[in-house]
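In this note's numbering, the protein residues as written are 3 to 562. Where a beta carbon is used, it is the ideal one built from N, C-alpha and C, also for glycine.
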Amino acid sequence: MSPTPPRRLRLGMPKRMFSQVLLMQVAIAAGVAVLATGLFLAPLSEQLDDQAMRRALAIAQTTAAQPRLAEELKSTPASADGPVQAEAERIRKASGAEYVVVMNVDGTRWSHTNPTEIGGHVSTDPRSALSGREVMEIDSGTLGRSARGKVPLRDTDGRIVGAVSVGIEYDSVRARLIHAIPGLFAYAGGALAVGALAAYLISRRVQRQTRDLAFSDIAGLLAEREAMLHGIREGVVALDREGRIRLLNDEARRLLGIGDEAVGQRLDTALGEGRTTDVLAGTVTGTDLLTVRGQRVLVTNRMPTDDGGAVATLRDRTELEQLGRELDSTRGLIDALRAQDHEHANRMHTLLGLLELEMYDDAVEFVGEVVGDHRATAEQVTEKIHDPLLAALLVGKATVAAERGVALWISDSTLFPDRLIDPRGLVTIVGNLVDNALDAAAGTVHARVEVELRAEGRTAVLRVRDTGPGIPADQRELIFTDGWSTKKPPAHRKRGIGLSLVRRLAERQGGSARVSEADGGGAEFTIVLPEALAEPGLAPEPAPGLTLESAATTVNEESR
């Protein structure tokens with residue numbers, strides 16, 4: 003076997019977010035510490051120089067203020083044991099200065115730290131001080147580099163008779179600067195250590211919250227999330243803890259009918275008041291909650307998140323609801339046919355008995371009555387309701403009602419012309435209300451459902467009354483809410499949509515839908531549809547071949 007090649011040391015940025023964040027924060031903390039140290043050291047030297055020059059100037063001012071010094075300068079010669087040298091040395095020792103030099107107007111020294119320099123000319127230019135100005139400077143002289151302060155020396159008359167120059171040893175200033183550096187580095191190191199510890203703790207928190215993922219992993223997850231959110235055929239709405247929308251995918255925009263401007267807005271601002279807002283906000287709780295948004299029937303589920311927000315999913319059940327309603331319509335048609343078949347069988351058995359008993363006249367009379375009754379029922383409906391779709395609907399519902407033991411009556415005040423602008427919409431409303439009324443009245447004593455349809459100008463007024471138990475006053479608004487129902491839902495779909503659609507259809511035409519207590523008990527639904535009828539002279543033409551019989555198919559498709 004060939005020997006395993008040695009692994010090369012790979013230098014570069016670590017992949018894990020924890021390591022990257024820690025490394026960056028430590029680098030930032032170290033950079034800040036170095037920068038702060040440099041920024042502090044840069045002016046520190048100048049500050050120390052300035053302090054030394056000001057100290058020298060203060061000593062010189064104090065020396066020049068001695069009342070006898072100017073007189074002694076004028077009255078005594080320059081000597082190592084003279085009074086000026088004695089006073090200058092006393093002040094030098096007391097103040098810690100490197101030297102205190104007193105000179106006359108010619109620049110000749112009367113005092114110096116080195117007595118041999120007394121009587122000689124000063125090494126630096128004294129003209130500024132002798133001209134009456136105070137001087138602060140860093141300069142070199144016989145004693146080396148020093149921080150200096152020079153002031154004029156005046157007599158009692160205010161005349162300049164000389165000058166005083168005081169020096170502070172520059173090595174002591176530099177020593178102070180060097181002495182301050184270790185302490186400064188200690189503070190910087192401490193700050194760096196605290197910063198590194200804080201960076202480690204922050205990085206550990208980031209590591210826990212990001213589950214130790216790398217930046218590339220997070221970028222990949224974000225890309226996958228965007229693709230998933232905008233690719234699925236289910237609406238997704240994310241909310242923050244304040245109830246503001248923070249995310250909408252394409253399907254949610256389509257289902258809710260809102261755009262990108264809704265992001266950042268509160269739900270009630272973006273969607274308006276209503277059940278959809280209540281469901282998404284969590285005011286209404288439960289699973290697979292039904293709501294209607296525009297013309298769409300939506301199923302909504304809401305899941306809270308750890309940060310106090312929530313994520314809601316929306317599914318479009320409009321097509322499924324339509325299929326369910328078509329199935330209900332088919333079942334209604336089957337029920338009507340079964341009722342007619344059952345009734346027809348009873349009549350045929352009666353007719354057969356009459357023929358076997360050779361009661362031919364009675365048989366003829368019986369057949370005539372049966373045909374007349376059926377024709378009379380249809381004629382009674384069509385005499386009052388001239389719209390073929392509505393008439394066909396009510397004839398079919400009368401057969402179903404008879405089988406369920408409920409009398410379906412057309413009110414004597416009913417008179418409805420064939421001028422409907424949207425007959426299918428009214429068929430949907432009448433079908434839903436009659437079905438609900440039959441369910442409520444079935445099984446009661448003298449069960450009855452009464453339908454009243456009237457035209458008041460171009461306004462259509464519909465009333466449906468039943469002899470059921472009625473609706474409590476505190477529930478008369480709830481029954482029009484999406485998903486609210488007292489009935490057990492069928493297997494193929496949910497309930498609580500019919501009355502909600504009735505109100506929406508009415509409001510879409512500028513009308514209203516309400517419920518109240520009927521005379522004698524039960525419920526009375528009143529639907530008002532303004533502008534539902536065309537002008538008398540502009541009555542819409544019926545479709546070719548549309549009769550009471552041919553309308554039955556359309557009625558059964560629209561009735562539930």
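Quick one, which of the options has its alpha-carbon nearest residue i's?
i, options, result
"Ile140", "Leu250, Leu464, Ala149", "Ala149"
"Ala508", "Ile170, Gly470, Ile431", "Ile431"
"Asp309", "Arg268, Arg319, Ala88, Arg243", "Arg243"
"Val102", "Ser205, Leu145, Leu199", "Leu145"
"Gly512", "Val504, Gly237, Glu519", "Val504"
"Ala67", "Lys152, Ala80, Ser133", "Lys152"
"Ile61", "Val137, Asp108, Val124", "Val137"
"Val107", "Ser81, Gly164, Ile412, Arg147", "Gly164"
"Arg317", "Arg295, Leu354, Glu275, Glu236", "Glu236"
"Lys76", "Asp157, Asp127, Arg510, Arg129", "Asp157"
"Arg147", "Asp262, Gly160, Thr126, Pro154", "Thr126"
"Glu119", "Gln87, Asp521, Ser130, Arg92", "Gln87"
How far does the beta strand (DSSP E) with residue i in it reach, from first residue to last?
i, result
"Ser142", "137 to 143"
"Val153", "146 to 156"
"Glu458", "450 to 458"
"Thr293", "291 to 295"
Rounded to a whole number of angstroms, what is the C-alpha to C-alpha distance between residue i and residue j?
i, j, result
"Val168", "Gly191", "39 Å"
"Gly33", "Ala201", "14 Å"
"Gly266", "Ala35", "40 Å"
"Glu171", "Arg94", "12 Å"
"Pro544", "Thr461", "Unreliable placement is indicated for Pro544, whose pLDDT of 45 sits below 50; the coordinate value is still reported in the next sentence. Computed Cα separation, rounded: 20 Å."
"Val238", "Arg248", "11 Å"
"Leu455", "Lys386", "9 Å"
"Ala54", "Met26", "42 Å"
"Ala72", "Gly121", "17 Å"
"Pro390", "Thr384", "8 Å"
"Thr110", "Ala195", "59 Å"
"Arg377", "Val397", "Residue placement at Arg377 cannot be trusted, given a pLDDT of 49 that sits under 50; what the coordinates show is reported in the next sentence. Those two C-alpha atoms are separated by around 11 Å."
"Thr64", "Pro184", "35 Å"
"Leu359", "Met350", "14 Å"
"Glu519", "Glu526", "6 Å"
"Arg277", "Arg295", "9 Å"
"Leu548", "Asp270", "For Leu548, the predicted model reports a pLDDT of 38, less than 50, meaning its position is unreliable and no value from the coordinates is stated."
"Glu537", "Gly459", "8 Å"
"Pro85", "Asp51", "32 Å"
"Val453", "Pro471", "18 Å"
For the alpha helix (DSSP H) holding residue i, just list the boundary residues, first then last.
i, result
"Pro85", "85 to 97"
"Pro425", "425 to 443"
"Leu396", "390 to 405"
"Val104", "Here Val104 belongs to no alpha helix (DSSP H); instead the beta strand (DSSP E) covers 101 to 106."
"Thr279", "277 to 283"
"Leu501", "500 to 510"
"Ala272", "269 to 273"
"Leu75", "71 to 77"
"Ser130", "129 to 132"
Do residue j and residue i come within 8 Å of each other at the CB atom, strictly closer than that value?
i, j, result
"Met466", "Ala443", "What sits at residue 466 in the sequence shown is Val, not Met. Not closer than 8 Å, so no."
"Thr293", "Thr302", "yes"
"Leu501", "Ile481", "yes"
"Leu564", "Gly311", "Given that the chain is displayed from residue 3 to residue 562, the structure contains no residue 564 and the question cannot be resolved."
"Gly245", "Ala283", "yes"
"Ala400", "Leu410", "yes"
"Ala99", "Ser113", "no"
"Leu428", "Leu422", "yes"
"Ala439", "Asp476", "no"
"Met305", "Val313", "yes"
"Leu2", "Pro425", "Nothing about residue 2 can be read from this structure; the chain reaches only from 3 to 562."
"Pro79", "Met105", "no"
"Ile412", "Leu464", "no"
"Val451", "Ala380", "no"
"Glu253", "Ile234", "yes"
"Ala31", "Gly134", "no"
Closest Cβ-Cβ distance between residue i and chain C: below 8 Å?
i, result
"Ala32", "Structure shown: chain C not included; a single protein chain is present."
Give the DSSP bridge partners of residue i, in chain order.
i, result
"Met305", "Val313"
"Phe527", "Val466, Val517"
"Ala240", "Leu249, Val313"
"Asp318", "Leu300"
"Ser167", "Val103, Lys152"
"Phe418", "Ile387"
"Arg111", "Met105"
"Ile61", "Ile61 is not bridged to any residue."
"Ile162", "Arg156"
"Thr461", "Glu458"
"Ala409", "Arg450"
Could you tell me if the beta carbon of residue i falls within a distance shorter than 7 Å of some heavy atom in the ligand ADP?
i, result
"Arg465", "This structure lacks the ligand ADP, and indeed carries no ligand of any kind."
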